[in-house]
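Some notes on the structure that comes next.
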Amino acid sequence: MANTPATRPRIGNLEASLQAILSSAVDAIIIIRHDGVIETANEAAADLFQYDIEDFPGQNVKFLMPETHGSRHDEYLHNYNTTGHRKIIGIGREVSGQRKDGTVFPMHLSVGEFMDNGRKYYTGIIHNLSLRKDAERALLQAQKMDAIGQLTGGVAHDFNNLLTVIVGNLELMEMQMGAFEHSDLLKEALEAADLGARLTERLLAFARRSPLEPHVVELNGLVSGLTDMLQRTLGATIELKTVLCGDPWVVRVDPTQFESAIVNLAVNARDAMPEGGRLMVETCNVALDEDYLADELGLPRGDYVQVSVTDTGSGMTEEVIRRVFEPFYTTKEVGEGTGLGLSMVYGFGKQSGGHVTIYSELLKGTTVNLYLPRHRDSPAGTEEKVTETVQHSATGRTILVVEDDDRVRRLTRARLEALGHIVLEAIHGPAAIAVLAENTGIDLVFTDLVMPGGMSGYEVAEHVQETRPEVRVLLTSGYAEELMNGEKLADRNLRLLRKPYRQIDLAEAINAVLDA
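Reminder that position 218 of the sequence shown reads as 260 in our numbering, one-by-one numbering, no gaps.
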């Protein structure tokens, strides 16, 4: 547009409009000359790169790039100015920027060009991608943890079946042989199997497939009750401090699993402070109403009780933080750690409807935050407690065992016969329905939950209760994802015996169900 008296008002208005756009734009805008020297920049650019706006004019735009990018930028700009071959002009792409403090961040850059009084200028529009990249990393991490959880849950299920066979056969040997010269060997083998069962319990906790026994509790009381144990765990060189919320909300969690989670965090903190230090356990009420905070944690907006465990230990690197909740990942020496402590905490938090976050700085310490949702239906301590009385072992009952694993089914038959019962067998749900139709004298169906054949143990239980209400049902499983919250069990008044179990546990469960 020619600069004449007639056009000057229009030019002035246009310049004012462009300046207003530049000033109000949310994204950073930088205008450079053909030689790469900055002509002007907006406030958003100053905020993004953490410079004063006066620092931009006259500087080569390379000062906003990492060194490796800056050297290539001169080459790209010279190539385009001399050949017209565009590498980035008119094409948006992801690049890296560098702030005044040296931190590098991802950004999307779109470049356009224009002429003014015969001089070439380039306009760069920059959008910060840091939040998007963080969200993508968080999503990938969540997907990875879910995949690992599915894998470990499946492994634990198979391992529990193996342990059921091992424990059962060892106990049958012990019952049949009585006291003999090497009975101590049997005892040690059984103790080792119990340790294996506890290992799978921790795997299932991480995988969020461990049956919980939630109660409405107030966490201050649980934390206070742990102080003596925690101090013994930490040792004399580490100071323990608790800061408890004055009026804490109640939550509905498994108290035993919560206490295990806090102890695991304390053990990790102790190992990070070999020369001593301080461990602080805090509770507070948190309302996650703000979009960014709830979205960042991946939690529904609402009220939560936050439990924070903070140490003054060695801290963690970014790489360790990214992997710290993975099962079997450990930075400790071989034989000094299983790598399951923090993964169990993560699984407990997720399965309880909450979340776990971790913040750490090298040589300063680590804070682990456990968020648990507030429970509003009933106050702590008002849940009805049912005490079961184990009766003398009933014998001579007819029990249908439904189990797809041949070894487990054979063992279960032997264990029940050792208790004096008559045993029928079925390899899956449809076969169990057929056996039930042919036998009117069945007293109890003892069924695994996860089976092939298109019919789960829970569906078998439903069929029995609807068609043969006089027949009792006892469920068993080492892995039962769909029943972890116990709601289906409670709805049908069903009992679950978790694998692996001891002979006395089997006898007590059968007696309780038959006498109900």
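For each residue, glycine too, the CB sits at the ideal point set by N, CA and C. Note that this is a predicted model, so its numbers are computed, not measured.
If residue i sits next to residue j, beta carbons under 8 Å apart, how far is it from one beta carbon to the other, in whole angstroms?
i	j	result
residue 548	residue 451	That pair is no contact at about 14 Å.
residue 78	residue 103	5 Å
residue 464	residue 489	Actually they do not touch by this definition, with Cβ atoms about 17 Å apart.
residue 265	residue 325	6 Å
residue 203	residue 471	Incorrect: roughly 18 Å between the Cβ atoms, too far for contact.
residue 366	residue 348	Their Cβ separation, rounded to whole angstroms, is 19 Å, which puts residue 366 and residue 348 out of contact at 8 Å.
residue 119	residue 134	Contact flag wrong, Cβ pair sits at about 17 Å.
residue 92	residue 143	6 Å
So the alpha helix (DSSP H) residue i belongs to, where does it begin and stop?
i	result
residue 266	261 to 276
residue 298	297 to 313
residue 85	85 to 91
residue 451	448 to 460
residue 38	Residue 38 lies beyond the residue range present for the chain, which begins at 43 and ends at 558; the question has no answer from this structure.
residue 545	545 to 557
residue 292	Segment: none, residue 292 is in no alpha helix (DSSP H) and carries neither H nor E.
residue 505	499 to 509
residue 168	Not the alpha helix (DSSP H): residue 168 falls in the beta strand (DSSP E), residues 161 to 170.
residue 473	471 to 480
Apart from the five residues just before and just after residue i, which ones in its own chain have a Cβ nearer than 6 Å to its Cβ?
i	result
residue 356	314
residue 201	242
residue 403	357
residue 48	In this prediction, residue 48 scores a pLDDT of 48, lower than 50, which makes its location untrustworthy; no coordinate-derived value is stated.
residue 527	The predicted position of residue 527 is uncertain, since its pLDDT is 43 and thus under 50; a value taken from the coordinates is nonetheless stated next. If we look at residue 527 and ignore the five residues flanking it on each side, it has no Cβ neighbours.
Whole angstroms are fine: how far does the CA of residue j sit from the CA of residue i?
i	j	result
residue 296	residue 482	40 Å
residue 438	residue 495	30 Å
residue 299	residue 141	45 Å
residue 358	residue 384	14 Å
residue 320	residue 398	21 Å
residue 255	residue 136	49 Å
residue 538	residue 487	12 Å
residue 172	residue 179	10 Å
residue 479	residue 239	36 Å
residue 317	residue 69	49 Å
residue 525	residue 454	Unreliable positioning characterises residue 525 in this predicted model, as indicated by a pLDDT of 43, which lies under 50. The coordinate reading is nonetheless provided below. Between residue 525 and residue 454, the C-alpha separation is close to 22 Å.
residue 467	residue 474	8 Å
residue 63	residue 410	44 Å
residue 485	residue 209	26 Å
residue 502	residue 185	33 Å
residue 146	residue 108	7 Å
residue 425	residue 260	Residue placement at residue 425 cannot be trusted, given a pLDDT of 48 that sits under 50; the coordinates are not used to answer.
residue 514	residue 445	17 Å
residue 559	residue 95	Lying before the first or after the last residue shown, residue 559 is absent from the chain, which here runs from 43 to 558.
residue 267	residue 305	12 Å
residue 307	residue 198	23 Å
residue 555	residue 510	15 Å
residue 541	residue 322	37 Å
residue 406	residue 289	30 Å
residue 283	residue 263	15 Å
residue 205	residue 447	13 Å
residue 534	residue 330	35 Å
residue 498	residue 543	21 Å
residue 442	residue 177	51 Å
residue 517	residue 469	15 Å
residue 557	residue 492	26 Å
Given residue i, which residues of its chain have a CB within under 7 Å of its CB, disregarding the five upstream and five downstream residues?
i	result
residue 545	213 and 457
residue 111	137 and 138
residue 175	148
residue 231	212
residue 459	465
residue 67	84 and 86
residue 449	207
Excluding the five sequence neighbours on either side, which residues of its own chain have a C-beta within less than 8 Å of the C-beta of residue i, listed in chain order?
i	result
residue 303	386, 387, 390, 391 and 412
residue 34	Outside the shown range of the chain (43 to 558) lies residue 34, about which nothing can therefore be said.
residue 396	341, 346, 412, 413, 414 and 415
residue 363	400 and 402
residue 506	478, 487, 513 and 515
residue 225	216 and 219
residue 269	282 and 284
residue 82	64, 72, 73, 98 and 99
residue 61	none
In the DSSP assignment, the beta strand (DSSP E) including residue i goes from what residue to what residue?
i	result
residue 346	344 to 353
residue 407	407 to 415
residue 437	First-last for residue 437: undefined, no H or E at that position.
residue 325	319 to 330
residue 538	537 to 540
residue 362	It is not in any beta strand (DSSP E) - residue 362 instead sits in the alpha helix (DSSP H) that spans 360 to 365.
residue 467	464 to 468
Is it the case that the stretch 163 to 172 contacts the stretch 68 to 77, given that we only count it when at least three CB pairs across the two stretches are under 8 Å?
yes
Is the stretch 265 to 285 touching the stretch 226 to 237, taking contact as three or more C-beta pairs under 8 Å?
no
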